[in-house]
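Report on the structure given below.
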Amino acid sequence: MSYTALYRKFRPDEFEDVKGQDAIVKTLKNQIKAERIGHAYLFCGTRGTGKTTVAKIFAKAVNCEHPVDGSPCGECAMCRSIAAGTSMNVIEIDAASNNGVDNIREIREEVAYRPTEGRYKVYIIDEVHMLSIGAFNALLKTLEEPPEYVIFILATTEAHKIPITILSRCQRYDFKRISIETISDRLRELIDKEGWEVEEKAVRYIAKMADGSMRDSLSLLDQCVAFYIGEKLTYDHVLEVLGAVDTETFSRLLRELLSMDVHKVIVTVEELVMQGRELSQLVSDFTWYLRNLLLVKSSDNMEDVLDVSTENLAQLKEEAQMIDNDTLIRYIRIFSDLTNQLKYATQKRVLLEVTLIKLCRPAMDQNQDALLDRIRLIEKQLEEGLLDSAVREKVVYVNSDGPAEQKEKPRPELPKALNEDVKAVAQDFRTIANDASPLLRTYLKKARLSPGEGSRLLIVLPDEVSAAAVGTAEHKEEIERLIEEKIGKQVDIEVRQLEEGRRFEDSFVDLENLIHMEITVED
0 MSYTALYRKF RPDEFEDVKG QDAIVKTLKN QIKAERIGHA YLFCGTRGTG
50 KTTVAKIFAK AVNCEHPVDG SPCGECAMCR SIAAGTSMNV IEIDAASNNG
100 VDNIREIREE VAYRPTEGRY KVYIIDEVHM LSIGAFNALL KTLEEPPEYV
150 IFILATTEAH KIPITILSRC QRYDFKRISI ETISDRLREL IDKEGWEVEE
200 KAVRYIAKMA DGSMRDSLSL LDQCVAFYIG EKLTYDHVLE VLGAVDTETF
250 SRLLRELLSM DVHKVIVTVE ELVMQGRELS QLVSDFTWYL RNLLLVKSSD
300 NMEDVLDVST ENLAQLKEEA QMIDNDTLIR YIRIFSDLTN QLKYATQKRV
350 LLEVTLIKLC RPAMDQNQDA LLDRIRLIEK QLEEGLLDSA VREKVVYVNS
400 DGPAEQKEKP RPELPKALNE DVKAVAQDFR TIANDASPLL RTYLKKARLS
450 PGEGSRLLIV LPDEVSAAAV GTAEHKEEIE RLIEEKIGKQ VDIEVRQLEE
500 GRRFEDSFVD LENLIHMEIT VED
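Using numbering that gives the first Met the number 0, the first residue of the sequence shown is number 0, and each one after it goes up by one.
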């Protein structure tokens, strides 16, 4: 016999087996006991929350010969017939593939005939929002005044797509997402029945990944157990099968982002890719991790809301002190947007790495939201003494008597005497640049020259990307070699980046312009 999936094998047969929908179950049982059964019901809710299951149990209960407290007995001929799918009284229709007017007309013709056995004919129309407008209109009259022996149960995951004229004719029941605790208890119950050995932490993680869907949790458990048949299913096994990431990795990634260490962040992504982790799931879970951090920062009494262990909670509280609310909210928004972008992206890794690099290099992000990160980076560099004197002179000082005042930065002083070798390079620099390799030549077109200390030549680039490219050891060696070939002497060069928002003339002496002035005077 072929294998039966867990969600089919353990589908509830009576109301008592339905988990997480207590209010709906109680209402339906009371209606059956009091014989106040409606003629049209609308079951709404996300996938896997029990809509179709409850509809089938309800169909059995209203036709059961010996109902027990409003629930079907499961033993009479009607209950067995409906459970086996052979009853003519329960008609299941998939509206996704039977959504035309003709399909609804068939129903209208069939309801004229009384049930051959039992009390009610029950029509269960699944995914009813898929019906066409014409089909909805054809259903209206029958739905409003059906024969007393007909019950319609409409099930949908998207109630907002159903016309209001249909909604007003039905009793509406909203199936809520099932809690992690309820799903975990049900999974543990079924695991014990099957005789499997599964780690409790693994059960909790599967319940969390199901996102409120009991059916999804059973499918995930089925998938994980199948991969490790005959072995104990551990938390690490579940992560491996589902392509998910442990919270330890999220903690490490967050700390690397806060320290703005691009190299470590990219290495972490490389490790996750090589482990076969699903990047869309990674970003989604990391967003959830940041959400937990925000809750911890917002209140001291979040233990009941956060589904984390005591150790992880202590770690969250520690990391909550390392990041401010504005940065945390910005991260959540960025990764939430990234989750949606990854759904349709063909280069998911590239998109993720670009986002992470932007967070580590705020100067690359022109969005105003990045301003706080840029300020934080400058403060960090000031504390560590990484900024040069030119940038330090721009720091804003706060006067106790009034608002912040910016110290006037003096214009750069002219050197007392230009080094002849540096002057020779400056005069022929554009010719020298034309002999460079294609990539380097492109960047040098935007370069400006300024005298450095001693016989050093400063090459100033307008942005971080070009400065980083020209400043590589390979390119610097190429420039020095070209200079040596041109003037026959060795000149040390230094690559600088022009600070964003400032003019070149405010920070550096324009060497080429200075030489041009000297030549003009001599003429």
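We put the beta carbon where it would ideally sit given N, CA and C, even for glycine.
Cβ neighbour criterion (16 or more within 10 Å) applied to residue i
i       : result
Pro-146 : exposed
Lys-55  : buried
Met-321 : exposed
Ala-467 : exposed
Asp-400 : Note that Asp-400 scores 44 on pLDDT, short of 50, meaning its location in the model is unreliable; the coordinates nonetheless yield the value given after this. Its Cβ having fewer than 16 others within 10 Å, Asp-400 is exposed.
His-38  : buried
Ala-446 : buried
Asn-29  : exposed
Gly-49  : buried
Thr-155 : buried
Thr-549 : Absent from the model: residue 549. The displayed extent of the chain is 0 to 522, so no value can be given.
Thr-141 : buried
Pro-523 : For residue 523 there is no data in the structure shown, the boundaries of the chain being 0 and 522.
Asn-339 : exposed
Asn-62  : buried
Ala-435 : buried
Arg-480 : exposed
Val-353 : exposed
Thr-52  : buried
Contacts around residue i, its chain only, beta-carbon distance under 7 Å, and the 5 residues preceding and following it disregarded
i       : result
Ala-533 : The question about residue 533 has no answer here: the residues shown for the chain are numbered 0 through 522.
Tyr-148 : Arg-113, Pro-114, Arg-118, Tyr-119 and Lys-120
Thr-233 : Glu-198 and Ala-201
Ile-182 : Ala-206, Ala-209, Met-213 and Ser-216
Arg-440 : Ala-432 and Asn-433
Leu-186 : Val-202, Ile-205, Ala-206, Ser-216 and Leu-220
Ile-161 : Val-127, His-128 and Thr-155
Arg-537 : Residue 537 falls outside the range modelled here, since the chain spans only 0 to 522, and no answer is possible.
Thr-246 : Tyr-288 and Asn-311
Lys-485 : Asp-427 and Ile-431
Val-421 : Pro-450, Ser-454, Leu-456 and Val-490
Per-residue DSSP class, three states only, for residue i
i       : result
Gln-274 : coil
Pro-450 : strand
Tyr-343 : coil
Ser-589 : This structure leaves residue 589 out entirely; the chain is present only between 0 and 522.
Cys-40  : Residue identity check: residue 40 is Tyr in the sequence provided, not Cys. Reduced to three states, the DSSP call for Tyr-40 is strand.
Val-244 : coil
Ile-478 : helix
Ile-333 : helix
Val-17  : coil
Ile-322 : coil
Ile-328 : helix
Ser-250 : helix
Ile-205 : helix
Leu-232 : strand
Ser-279 : helix
Val-520 : Unreliable positioning characterises Val-520 in this predicted model, as indicated by a pLDDT of 40, which lies under 50. The coordinate reading is nonetheless provided below. Of the three classes helix, strand and coil, the one that applies to Val-520 here is helix, per DSSP.
Ser-70  : strand
Beta-carbon proximity list for residue i, same chain, < 8 Å, skipping 5 on both sides
i       : result
Ala-4   : Leu-217, Ser-218 and Asp-221
Pro-402 : With a pLDDT of 47 at Pro-402, under the threshold of 50, the modelled position of this residue cannot be trusted; read the value that follows with caution. Cβ neighbours of Pro-402 beyond the five flanking positions: none.
Leu-341 : Leu-278, Ser-279, Val-282, Lys-347, Leu-350 and Leu-351
Lys-444 : Ala-432
Lys-475 : Val-469, Ile-492 and Val-494
Asp-284 : Ala-243, Val-244 and Phe-249
Ile-331 : Thr-286, Leu-289, Arg-290 and Leu-293
Ala-82  : Asp-12, Lys-59 and Gly-73
Own chain partners of residue i with C-beta closer than 6 Å, once the 5 adjacent residues on each side are dropped
i       : result
Leu-27  : Phe-57
Ile-92  : Ile-124
Arg-168 : Ala-39, Leu-142 and Glu-143
Arg-391 : Here Arg-391 scores only 49 on pLDDT, less than 50, and its place in the model should not be relied on; the value that follows carries that caveat. Excluding sequence neighbours, Arg-391 sits near nothing in its chain.
Leu-153 : Leu-41, Ile-124 and Val-127
Taking 8 Å as the threshold, find out whether the segment 295–302 comes into contact with the segment 261–280 through three or more Cβ pairs.
Taking 8 Å as the limit for Cβ pairs, the verdict is that the segment 261–280 does not touch the segment 295–302.
Should the segment 6–13 be regarded as contacting the segment 209–228, the criterion being three or more beta carbon pairs within less than 8 Å?
The answer is yes - the segment 209–228 touches the segment 6–13, with three or more Cβ pairs under 8 Å.
Determine contact between the segment 78–96 and the segment 188–208, defined as no fewer than three beta-carbon pairs at a distance below 8 Å.
Touching, no, given that fewer than three Cβ pairs across the two stretches are closer than 8 Å.
List, from N- to C-terminal side, the beta strand (DSSP E) runs of 3 residues or more that fit wholly inside the segment 152–189.
If only uninterrupted beta strand (DSSP E) runs of at least 3 residues are considered, those enclosed by the segment 152–189 are 170–174.
Unbroken alpha helix (DSSP H) runs of length 4 or more, entirely within the segment 480–513: which are they?
The segment 480–513 contains these whole alpha helix (DSSP H) runs: 503–506.
Tell me whether the segment 67–75 and the segment 97–107 touch, counting them as touching only if at least three CB pairs, one residue from each stretch, are closer than 8 Å.
Here the segment 67–75 makes no contact with the segment 97–107; the two share fewer than three CB pairs at distances below 8 Å.
Can you list, in chain order, the stretches of the beta strand (DSSP E) that have 3 or more residues and sit fully within the segment 74–136?
Scanning the segment 74–136 for uninterrupted beta strand (DSSP E) segments of 3 residues or longer gives 89–93 and 120–125, listed from N- to C-terminal end.
Three or more C-beta pairs below 8 Å linking the segment 15–29 and the segment 189–201
No: fewer than three Cβ pairs fall under 8 Å.
Touching or not, the segment 489–500 and the segment 454–471, by the rule of three or more beta carbon pairs under 8 Å?
Yes, since at least three Cβ pairs between the segment 489–500 and the segment 454–471 fall closer than 8 Å, the two stretches touch.
Counting pairs of Cβ atoms below 8 Å between the segment 128–142 and the segment 172–188, do you hit three or more?
With a cut-off of 8 Å on Cβ pairs, the segment 128–142 is not in contact with the segment 172–188, counting fewer than three such pairs.
Considering only residues of the segment 424–468, which uninterrupted alpha helix (DSSP H) runs meet the minimum length of 4 residues and lie entirely inside it, listed in chain order?
Here the runs fully enclosed are 428–433 and 437–443.
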